[in-house]
Amino acid sequence: MSAQTQVQQFIVTIGLRAKDGCAASLERELRKRVPISRTEAGTLDYRVYRSRTDANVFFIFSRYASEKAFDLHLYQPYTLSGLAEYENLLADPPRVETYETVLG
Numbered sequence: 058m059s060a061q062t063q064v065q066q067f068i069v070t071i072g073l074r075a076k077d078g079c080a081a082s083l084e085r086e087l088r089k090r091v092p093i094s095r096t097e098a099g100t101l102d103y104r105v106y107r108s109r110t111d112a113n114v115f116f117i118f119s120r121y122a123s124e125k126a127f128d129l130h131l132y133q134p135y136t137l138s139g140l141a142e143y144e145n146l147l148a149d150p151p152r153v154e155t156y157e158t159v160l161g
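In our numbering, the protein residues as written are 58 to 161.
In structure tokens, the structure reads:
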């Protein structure tokens, strides 16, 4: 497939660090919202990982059909309420990175 005909997907990664004593609560909040996020139109993949060496560190990998699909996810009521809840549980602001397909 040439670069011109290649499907452009929008990738978002988010690094999260829970405050000491808040990792279980953060995981619980993530578990509540992930199944809903996976059913959204335009969401191709949505996974949450936890560090094997630091139980306070989480990593979200999500893949969308387009940047517009991500924007729709971002403004869902359950996403907005989650962001507000996460704020109380995080030691640092989330580290968000976005990517586009170069080779796939």
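All residues carry an ideal CB built from backbone N, CA and C; glycine is no exception.
In its own chain, which residues sit with a C-beta less than 7 Å from the C-beta of residue i, not counting the 5 before and 5 after it?
i: T112; result: In the sequence as presented, Thr is not what sits at residue 112; that position holds Ala. So the qualifying residues of the chain are A80.
i: S59; result: Any reading at S59 must be qualified, since the residue scores a pLDDT of 45, below 50, and its modelled position is unreliable; the value itself is stated next. Once the five neighbours on either side are set aside, S59 has no close Cβ partner at all.
Within a Cβ cutoff of 6 Å, which residues of the same chain sit near residue i, ignoring the five residues on either side of it in sequence?
i: R152; result: G72
i: Y95; result: Strictly speaking, residue 95 in this sequence is Arg, with Tyr absent from that position. Only Y103 meet the Cβ criterion.
i: I93; result: Y135
By alpha-carbon positions, which one of the options ends up nearest to residue i?
i: N145; options: R120, T70, A75; result: A75
i: R107; options: D128, R120, R85; result: R85
i: V114; options: A148, R90, G99, L129; result: A148
i: Q133; options: S82, T70, A98; result: A98
i: Y143; options: A122, S82, V105; result: S82
Can you round the beta-carbon distance between residue i and residue j to whole angstroms, since I take them to be within the 8 Å contact cut?
i: F67; j: A141; result: At roughly 24 Å, the Cβ-Cβ gap does not stay under 8 Å, so F67 and A141 are not in contact.
i: R88; j: L101; result: That belief does not hold up - the Cβ atoms of R88 and L101 are roughly 20 Å apart, past 8 Å.
i: Q65; j: E154; result: Rounded, the Cβ-Cβ distance is 17 Å, inconsistent with contact.
Can you tell me where the beta strand (DSSP E) with residue i in it begins and where it stops?
i: R109; result: Premise fails: R109 is in no beta strand (DSSP E) and is neither H nor E.
i: Y156; result: 152-157
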